[in-house]
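Just below is one structure, and these are the notes that go with it.
Chains as they are written, first to last, in this note's numbering: chain A, 42 to 228; chain B, 4 to 153.
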């Protein structure tokens with residue numbers, strides 16, 4: 042192999058590595074786009090909620106978000122070790138019980154947690170709304186979730202109309218959530 | 004007879020002595036250094052996040068229950084995914100993370116060796132040609148030197 046050929050091969054390998062790194066960066070940026078869901082909802086836009094299908098915690102099988110099209114969904118990300126989630130859980134259960142007959146579903150996504158701890162949490166707070174499990178937290182980047190709890194209101198078409206970072210415990214937050222739910226439930 | 008007694012003694016010792024080759028129970032500290040908190044993404048021994056504390060408790064419970072290091076890791080991967088392992092698994096897709104640096108190192112070493120060899124050959128094959136002195140220039144230099152000497 043001549044020195045010229047070695048040089049060419051070296052240059053080819055270097056260009057290949059740079060292209061690979063560029064593709065990885067582009068992929069990382071594209072994956073991180075989901076984080077705009079909350080920001081877009083805050084700007085008054087109605088971004089489509091990223092789809093997912095996750096293992097159920099409250100029964101066997103999976104639950105896919107698209108299966109809830111036609112219903113208003115209060116999507117709540119939580120974990121059993123999260124203290125504000127404990128304060129918020131009874132309110133979400135109450136919201137679900139009061140509005141389930143009107144086409145509302147509260148859907149809890151337990152993430153970065155032990156399944157057993159999550160089930161104990163659900164029993165302790167007598168949660169009856171559907172619960173799914175995302176132990177590795179795979180869908181959190183899609184929604185831009187960086188902490189717990191975070192809550193999203195989805196309209197009947199599966200678009201995000203409201204987003205909350207932190208527990209929906211303050212009276213004004215609950216009023217805002219309930220107003221968003223009412224708007225989404227309105228025919 | 005003696006042989007029978009010795010064999011029986013050895014068999015008795017083997018049956019009653021603690022198995023020398025039995026695996027040591029895993030140490031919590033070792034596991035905490037090899038597993039990652041899924042929230043703060045540092046190793047468990049560096050984290051005091053609630054989920055990290057819960058995982059440390061889980062590790063201690065499983066060690067007390069007699070689980071091996073691998074069983075404990077597998078149980079945590081089943082809950083939190085392979086991201087809890089501080090080092091990628093030595094199988095499947097994770098194997099790439101181990102192989103790629105080795106392959107890159109080997110490729111670099113081979114490329115360096117080939118380059119060095121190629122340069123060495125070029126030097127041997129193509130010695131620097133001595134620049135011929137043109138007769139005219141040679142004559143003028145001689146004249147200049149002669150003038151300088153006189």
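All C-beta atoms, glycine included, are put in the ideal place defined by N, C-alpha and C.
Is residue i near residue j, with beta carbons less than 8 Å apart?
i                      : j                      : result
residue 192 of chain A : residue 116 of chain A : yes
residue 78 of chain A  : residue 174 of chain A : no
residue 60 of chain A  : residue 222 of chain A : no
residue 59 of chain B  : residue 35 of chain B  : yes
residue 190 of chain A : residue 134 of chain A : no
residue 104 of chain A : residue 97 of chain A  : yes
residue 204 of chain A : residue 90 of chain A  : no
residue 40 of chain B  : residue 32 of chain B  : no
residue 177 of chain A : residue 99 of chain A  : no
residue 110 of chain A : residue 198 of chain A : yes
residue 217 of chain A : residue 132 of chain A : no
residue 81 of chain A  : residue 88 of chain A  : yes
residue 66 of chain B  : residue 91 of chain B  : no
residue 121 of chain B : residue 47 of chain A  : yes
residue 211 of chain A : residue 125 of chain A : no
residue 57 of chain B  : residue 151 of chain A : no
residue 73 of chain B  : residue 156 of chain A : no
residue 100 of chain B : residue 46 of chain B  : no
residue 118 of chain A : residue 201 of chain A : no
Is there a Cβ of chain E sitting closer than 8 Å to that of residue i, yes or no?
i                      : result
residue 118 of chain B : Of the protein chains in this structure, namely A and B, none is chain E.
Compare the C-beta of residue i against all C-beta atoms of chain B and say whether one is closer than 8 Å.
i                      : result
residue 74 of chain A  : Below a pLDDT of 50, predicted positions are generally treated as unreliable, and residue 74 of chain A, at 48, falls in that range; the measurement from the model is reported next regardless. Answer no: the Cβ-Cβ gap between residue 74 of chain A and chain B never drops below 8 Å.
residue 101 of chain A : no
residue 125 of chain A : no
residue 47 of chain A  : yes
residue 51 of chain A  : yes
residue 208 of chain A : no
Starting from the beta carbon of residue i, find every residue of chain A whose beta carbon is closer than 8 Å, and list them in chain order.
i                     : result
residue 54 of chain B : 120, 122, 153 and 154
Does any residue of chain A have a CB that is nearer than 8 Å to the CB of residue i?
i                      : result
residue 42 of chain B  : yes
residue 63 of chain B  : no
residue 57 of chain B  : yes
residue 67 of chain B  : no
residue 121 of chain B : yes
residue 23 of chain B  : Model confidence at residue 23 of chain B stands at a pLDDT of 48, short of 50, so the residue's coordinates are unreliable; what they give is reported in the following sentence. It does not; no Cβ of chain A falls within 8 Å.
Residues of chain A with CB closer than 7 Å to the CB of residue i, please, in chain order.
i                     : result
residue 82 of chain B : 155, 156 and 176
Which one or two residues does DSSP pair with residue i in a beta bridge?
i                      : result
residue 191 of chain A : A/118 and A/206
residue 172 of chain A : A/149
residue 200 of chain A : A/89
Which residues in chain A have a C-beta closer than 9 Å to the C-beta of residue i? List them in chain order.
i                      : result
residue 114 of chain B : 47, 50, 51 and 54
Could you check if residue i belongs to the surroundings of the ligand GDP, using beta carbon to heavy atom distance under 7 Å?
i                     : result
residue 67 of chain B : Annotation note on the ligand GDP: not contained in the displayed structure, which lists no ligands.
Fill in: 3 or more residues per run - each beta strand (DSSP E) lying fully within the region 74-159 of chain A
Those beta strand (DSSP E) runs which fall completely within the region 74-159 of chain A and span 3+ residues are 94-97, 103-105, 113-119 and 145-152.
Worksheet entry | Segments of 3+ residues assigned as beta strand (DSSP E) that fall wholly inside the region 31-57 of chain B | DSSP assignment within the region 31-57 of chain B yields no whole beta strand (DSSP E) run of 3 residues or more.
Discussion item. Could you tell me which whole beta strand (DSSP E) segments of length 3 or greater appear in the region 111-152 of chain B?
Written reply: Along the length of the region 111-152 of chain B, whole beta strand (DSSP E) runs at least 3 residues long do not occur.
Worksheet item: Of all the alpha helix (DSSP H) runs that stay within the bounds of the region 67-92 of chain B, which reach a length of 4 or more residues?
Response: Taking only runs of at least 4 residues, the alpha helix (DSSP H) segments lying wholly in the region 67-92 of chain B are 72-83.
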